[in-house]
Amino acid sequence: AQRVTQPEKLLSVFKGAPVELKCNYSYSGSPELFWYVQYSRQRLQLLLRHISRESIKGFTADLNKGETSFHLKKPFAQEEDSAMYYCALRETSGSRLTFGEGTQLTVNP
Amino acid sequence: SQTIHQWPATLVQPVGSPLSLECTVEGTSNPNLYWYRQAAGRGLQLLFYSVGIGQISSEVPQNLSASRPQDRQFILSSKKLLLSDSGFYLCAWSGWRSSPLHFGNGTRLTVT
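Here is the structure:
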C-alpha cells in the first residue's frame, strides 16, 4: 500500500531564509506526486505537481525516485508562505490520492 | 468553470443522531469524487471515493457510509453518530487520471 510521510509537523523559518519541506513516499508503482497548500481560512488547493516541473510562488519540488522523495523548496521564504502544506501521491490507476500528515510552515518577520 | 459546493459549513449533532453531508459539483461530468477527514496531527484521511454513479470505494472501516445517487452528487452519511466522528470533512473532485483534486470548503462536525 502507498504511504506518504512528512516528518516535520511544524517548521519555522525567518523571512528571506531558505525553506525545505520534506516528503518521502513508499509505492511499488510509478507515482504521481503533488504538493497542496492551505492558507488560513482558505480552501485546500493545489500548489504544484511533479509532472509539470514548474515553479509556483517560488516553490519547486523534484521527484527523486532513488530516494523516494519529493521535497518542496523555496530559496527565500516570505511571510505569506505561512500555511499548512500537504504532500500527496496518486497511484498508477489514477483514482486514489493519499496525503501525508502535513507540515505547518511559519515564516517569521 | 467548475465549482464544488459542500454543506453545511458547521454542524453540531448529538451522539446517536443521523448524519447527512452533501457535496455537489457543477461544470463537469463524470468526475471522481472523494470524502476526506482532516484531523489535527493526522493529516488528510481518505474515507471514500467514487469513479461513477453507484460506485463507492471505502478506505477505512468506520461508522460512516457514502452514496452517489447522481453523477455530480456525493453524500456522506451515518445512521448513528459517535463522539469519534467529530472532525473536519472535506469533499473533493477530480477529472480522470492526472488532473488534480479540487476541494470544497469543508464541514466542521461536532458530535456532543
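Sequence order for the protein chains is A and B.
Heads up: the first sequence runs through residues 740 to 848, numbered per the numbering used here.
Heads up: the second sequence runs through residues -11 to 100, numbered per the numbering used here.
Ideal Cβ placement from N, Cα and C applies to all residues, glycine included.
Extent of the continuous beta strand (DSSP E) to which K812 of chain A belongs: Note, K812 of chain A: beta strand (DSSP E), L811 to K813.
Can you tell me whether DSSP reads I63 of chain B as helix, strand or coil? strand
Is L750 of chain A near L828 of chain A, with beta carbons less than 8 Å apart? Note that the C-beta distance between L750 of chain A and L828 of chain A is not below 8 Å.
For Y778 of chain A, which residues in chain B fall below 7 Å Cβ to Cβ? What Y778 of chain A touches in chain B: nothing, since even the nearest Cβ is about 13 Å away.
Cβ distance (whole Å) where L97 of chain B is taken to contact S74 of chain B below 8 Å: 6 Å
E818 of chain A versus F798 of chain A - alpha carbon distance: 14 Å
Contact set for K67 of chain B: own chain, Cβ-Cβ below 7 Å, skip 5 residues either direction: Around K67 of chain B: P6.
Closest Cα partner of L70 of chain B within the set B:F91, B:S38, B:T(-9) and B:L52: That would be B:L52, whose Cα lies nearest to the Cα of L70 of chain B.
Just the C-alpha distance for L35 of chain B and F76 of chain B, rounded to the nearest angstrom, thanks. 12 Å
If you measure from the beta carbon of L802 of chain A to each beta carbon in chain B, is any gap under 8 Å? Answer no: the Cβ-Cβ gap between L802 of chain A and chain B never drops below 8 Å.
Checking 8 Å against the spacing of the C-beta atoms, do Q745 of chain A and Y766 of chain A come in under that value? The answer is no: Cβ separation not under 8 Å.
S72 of chain B (DSSP reduced to helix, strand or coil): In the structure shown, S72 of chain B adopts helical secondary structure according to DSSP, grouped into three states.
P2 of chain B, enclosing beta strand (DSSP E) - first and last residue: No beta strand (DSSP E) holds P2 of chain B; DSSP gives it neither H nor E.
Looking only at its own chain, which residues have a Cβ that is under 7 Å from the Cβ of S46 of chain B, when we skip the five neighbours before and after it? F36
Helix or strand or just coil, what does DSSP make of S791 of chain A? Secondary structure at S791 of chain A: helix, using DSSP grouped into helix, strand and coil.
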